[in-house]
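What follows is a set of notes on a single structure, which appears directly below.
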Amino acid sequence: MLGIARTGIRVTLASVARGNGLRQLCSGGSGSYKNILVEKKGDKSQVGFVRLNRPKALNSLCDDLLRELNVAFREFDADPSVKAIVLTGSSKAFAAGADIKEMQPKTYSTVFGTNFINDWTEMLRIRKPIIAAVNGYALGGGCELAMMCDIIYAGDSAKFAQPEIRLGTIPGAGGTQRLPRAVGKSKAMEMCLTGDMITAKEAESAGLVSKVVPADKLEAAALDLAERISRMSLMAIYAAKESVNAAYEAPLSQGLLLERRLFHASFGTRDRSEGMSAFTEKRAAEFKDE
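Mapping of the sequence shown onto this note's numbering: residues 13 to 302, in sequence order.
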């Protein structure tokens with residue numbers, strides 16, 4: 013969940029923002045948010061679009077940014093006009109890790125007593141799909157943040173890593189748990205024990221990333237995916253996301269039962285009836301999210 017370091021290259025927040033004083037409060041952005049930019053995109057404004065916006069710190073994840081991110085996700089989740097969300101950063105960094113200067117003075121009693129970084133996982137309660145569009149560095153907490161999303165698209169210059177071991181600690185926001193589920197034990201163990209980066213192509217081959225596209229086409233590709241999802245029934249979107257996520261939490265037998273029950277439940281929706289009727293009548297379905 014921390015910043016990044018590699019033999020021959022150190023891109024820690026201290027070196028990136030030397031002289032900028034990372035003890036400063038998070039800043040940047042406009043409107044009601046200081047650390048993120050939020051808007052609706054797509055032909056019908058059905059896609060919530062969130063951009064991490066701490067450029068001087070390569071979008072390092074400070075407490076204020078995470079609080080704002082949780083608010084934005086909750087607002088989009090409650091917005092009936094939005095069906096999918098895209099989360100991205102800049103061309104240089106999706107997020108280069110947690111804000112280490114903010115974290116360094118903390119003690120065991122402080123982090124344990126406050127259940128530090130527990131709020132980071134609030135996005136897992138969002139019912140609408142979240143697509144991570146990753147350009148540049150997704151390291152430590154940035155990699156963990158991407159893994160908390162439902163789908164990851166990466167620009168061809170993206171880099172992923174869990175470098176906490178180089179700072180004398182381990183990932184704390186899911187790196188040791190979600191990474192093995194995505195890439196397997198051996199690759200995850202190598203990444204967590206060395207802190208080495210992997211490229212976008214390596215991440216795709218390992219199963220961490222769904223798709224790699226040219227960096228300058230990344231946001232358009234993620235938005236296109238979100239728009240395609242948004243044309244589906246919201247009821248079916250909810251059910252599909254819940255069922256797929258259950259595969260990571262429940263034994264196979266329980267997951268299959270949940271899947272079957274959600275499938276059965278779809279027969280109580282107008283959209284299921286409309287979708288099958290449209291198929292048999294050879295026309296486009298008109299979903300009403302009912």
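Here a beta-carbon is modelled for each residue, glycine too, at the ideal position from N, C-alpha and C.
DSSP places G125 in the uninterrupted alpha helix (DSSP H) bounded by Y120 to G125.
Annotated three-state conformation of I241 is helix, per DSSP. DSSP places R190 in no beta strand (DSSP E) but in the uninterrupted alpha helix (DSSP H) bounded by G187 to V195. In this structure F61 is buried. Its beta-carbon is surrounded by 16 or more other beta-carbon atoms within 10 angstroms.
Fully enclosed beta strand (DSSP E) runs of no fewer than 3 residues occupy 223–225 of the stretch 206–240, in order along the chain. Rounded to the nearest whole angstrom, the CA to CA distance from V83 to V50 is 11 Å. By the CB criterion at 7 Å, A110 and L70 fall outside the cutoff.
Only residues of its own chain outside the window of five on either side were considered, and among them A218 have a CB closer than 7 Å to the CB of K199, listed in chain order. DSSP lists no bridge partner for T281. Separation of the CB atoms of L235 and V94 is rounded to 13 Å, and the pair is thereby denied contact status at 8 Å.
In this model, E80 and I143 are separated by some 18 Å (Cα to Cα). Of the other Cβ atoms in all chains shown, 16 or more fall within 10 Å of the Cβ of S242; this residue is therefore buried. In this structure, DSSP gives Y149 an extended state, which the three-state scheme calls strand. Taking C-beta atoms under 8 Å as the contact rule, D283 and S245 qualify, at a distance of about 4 Å.
A Cβ-Cβ distance of about 15 Å is found for the pair A173 and N147, leaving them out of contact under the 8 Å criterion. Judged by beta-carbon spacing, M160 lies within the 7 Å limit of M135, meaning their Cβ atoms are closer than that value. For A248, the enclosing alpha helix (DSSP H) stretches over residues L246 to E261. Beta-bridge partners assigned by DSSP to E51: F61. At a Cβ-Cβ threshold of 7 Å, Y165 and A233 count as neighbours. Counting every other CB atom within 10 Å of its CB across the protein chains shown gives P183 a total of 16 or more, marking it as buried. For S265, same chain residues with a beta-carbon under 6 Å away, outside a window of 5 residues either side, do not exist. Each residue's CA atom was taken as its position, placing F85 and C74 some 17 Å apart. By the neighbour-count criterion, in which 16 or more other beta carbons inside 10 Å mark a residue as buried, K300 falls on the exposed side. In this structure, the CA atom of G125 is about 45 Å from the CA atom of T281. Of the other Cβ atoms in all chains shown, 16 or more fall within 10 Å of the Cβ of V221; this residue is therefore buried. Annotation: the continuous beta strand (DSSP E) that includes V98 extends over A96 to T100. Between P67 and A96, the C-beta spacing is not below 7 Å.
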